[in-house]
Ligand SMILES: Cc1cc2nc3c(=O)[nH]c(=O)nc-3n(C[C@H](O)[C@H](O)[C@H](O)COP(=O)(O)O)c2cc1C
């Protein structure tokens with residue numbers, strides 16, 4: 012095992028959204044029908060174009076529900092009461108005052124304001140002494156809503172083609188660069204998959220991926236962080252290479268890969284258990300300069316000594332990931 016070739020980043024997300032899953036609701040004001048992704052896979056994801064509202068996770072203030080074990084136990088924190096209709100559907104009465112909406116297109120001023128907010132936050136980080144920021148453009152967050160044709164139905168410079176859908180993040184990177192003063196590091200995390208649609212893709216081919224990532228890269232990114240659910244899977248047909256490989260090959264900037272490194276089960280939700288497994292593929296990829304870094308999330312949450320144990324080959328001492336791992340802070 013080439014131990015020197017591998018760099019590990021601890022990845023503990025502090026983002027403020029909820030457990031990922033798609034939801035949709037009927038049109039009545041106070042009753043929601045919540046369904047899991049497998050039931051709504053074929054829905055048109057454009058907000059407001061269906062009889063049902065599609066409510067994305069980040070429109071909701073806090074966890075509406077969570078999944079426990081494989082039995083889909085629900086505890087909707089925003090619900091006053093709820094009824095299990097079947098194993099994928101709930102009828103929920105919301106607490107008084109909780110409101111959902113089907114989304115509204117951002118105005119040009121809204122977009123400008125959002126770009127400015129990213130830039131000023133980065134500036135604050137630099138002033139506070141941080142070395143850099145990583146822009147979260149993955150998993151169905153705002154930037155990903157612009158990236159993805161499933162959610163971006165704009166007809167201005169921010170939508171309409173794959174290149175235009177990258178303009179939002181390109182302008183964010185430009186705005187950050189125009190304010191930073193001292194070689195501040197700016198990275199971008201992106202993904203093909205969405206929290207509400209694991210099968211979604213921004214790019215079907217390497218050529219399309221180039222159109223997605225090169226606008227922000229050319230605007231001055233230092234690195235890209237490719238979020239995969241299973242880093243060992245190939246990204247495009249006719250090639251066995253993963254998204255991090257293609258990201259590096261196309262952009263030629265420092266690339267991080269993330270997604271079930273060291274675990275045998277992918278990130279479906281943070282409650283699902285996963286067992287330790289080999290990282291030989293990651294080591295091989297990094298040793299052959301396919302990309303530079305991997306990020307490790309759950310494996311480190313369950314076992315803070317993961318890096319040392321991997322380095323020393325103490326594989327039988329690794330602690331599996333379970334939802335209980337989240338209860339202990341090291
Ligand atoms: C407890 C926990 C919370 C997470 N929260 C978020 C989040 O809020 N937003 C997000 O985009 N990803 C979130 N993730 C996903 C991670 O950023 C990462 O993509 C995922 O855990 C894959 O890495 P891993 O397989 O090494 O755990 C979370 C993961 C865990 C385990």
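In our numbering, the protein residues as written are 12 to 341.
Where is the CB? At the ideal position from N, CA and C, for every residue including glycine.
Which whole-angstrom value is the C-beta distance of residue i and residue j, which I expect to be below 8 Å?
| i | j | result |
| --- | --- | --- |
| residue 183 | residue 175 | 15 Å between Cβ atoms; not a contact. |
| residue 235 | residue 262 | 6 Å |
| residue 337 | residue 287 | Going by Cβ atoms, the distance from residue 337 to residue 287 rounds to 17 Å, so no, they are not a contact pair. |
| residue 158 | residue 189 | At roughly 22 Å, the Cβ-Cβ gap does not stay under 8 Å, so residue 158 and residue 189 are not in contact. |
| residue 201 | residue 237 | 7 Å |
| residue 137 | residue 195 | 5 Å |
| residue 146 | residue 199 | 5 Å |
| residue 161 | residue 211 | 6 Å |
| residue 271 | residue 278 | 6 Å |
| residue 122 | residue 154 | About 11 Å separates the two Cβ atoms, so there is no contact after all. |
Let's see if you can read the secondary structure: which residues bound the alpha helix (DSSP H) around residue i?
| i | result |
| --- | --- |
| residue 310 | 309-313 |
| residue 197 | First-last for residue 197: 196-205, but that is the beta strand (DSSP E), not the alpha helix (DSSP H). |
| residue 220 | 217-229 |
| residue 180 | 178-190 |
| residue 122 | 119-139 |
| residue 258 | 254-262 |
| residue 294 | 291-298 |
| residue 318 | 317-323 |
| residue 329 | It is not in any alpha helix (DSSP H) - residue 329 carries neither H nor E in the DSSP assignment. |
| residue 158 | 153-158 |
Step through the CB atoms of chain C and report whether any lies within less than 7 Å of the CB of residue i.
| i | result |
| --- | --- |
| residue 163 | Of the protein chains in this structure there is only one, and it is not chain C. |
Taking 6 Å as the line, does the beta carbon of residue i fall inside it for any heavy atom of ligand 1?
| i | result |
| --- | --- |
| residue 238 | yes |
| residue 271 | yes |
| residue 241 | no |
| residue 278 | yes |
| residue 281 | yes |
| residue 197 | no |
| residue 308 | yes |
What are the boundary residues of the beta strand (DSSP E) that includes residue i?
| i | result |
| --- | --- |
| residue 266 | 265-269 |
| residue 235 | 234-238 |
| residue 149 | 143-150 |
Query raised in the report: Are there three or more Cβ pairs, one per stretch, closer than 8 Å when the region 211-223 is compared with the region 120-132?
Result: no
Query raised in the report: For the region 308-317 against the region 247-258, are there 3 or more C-beta pairs whose distance is under 8 Å?
Result: no
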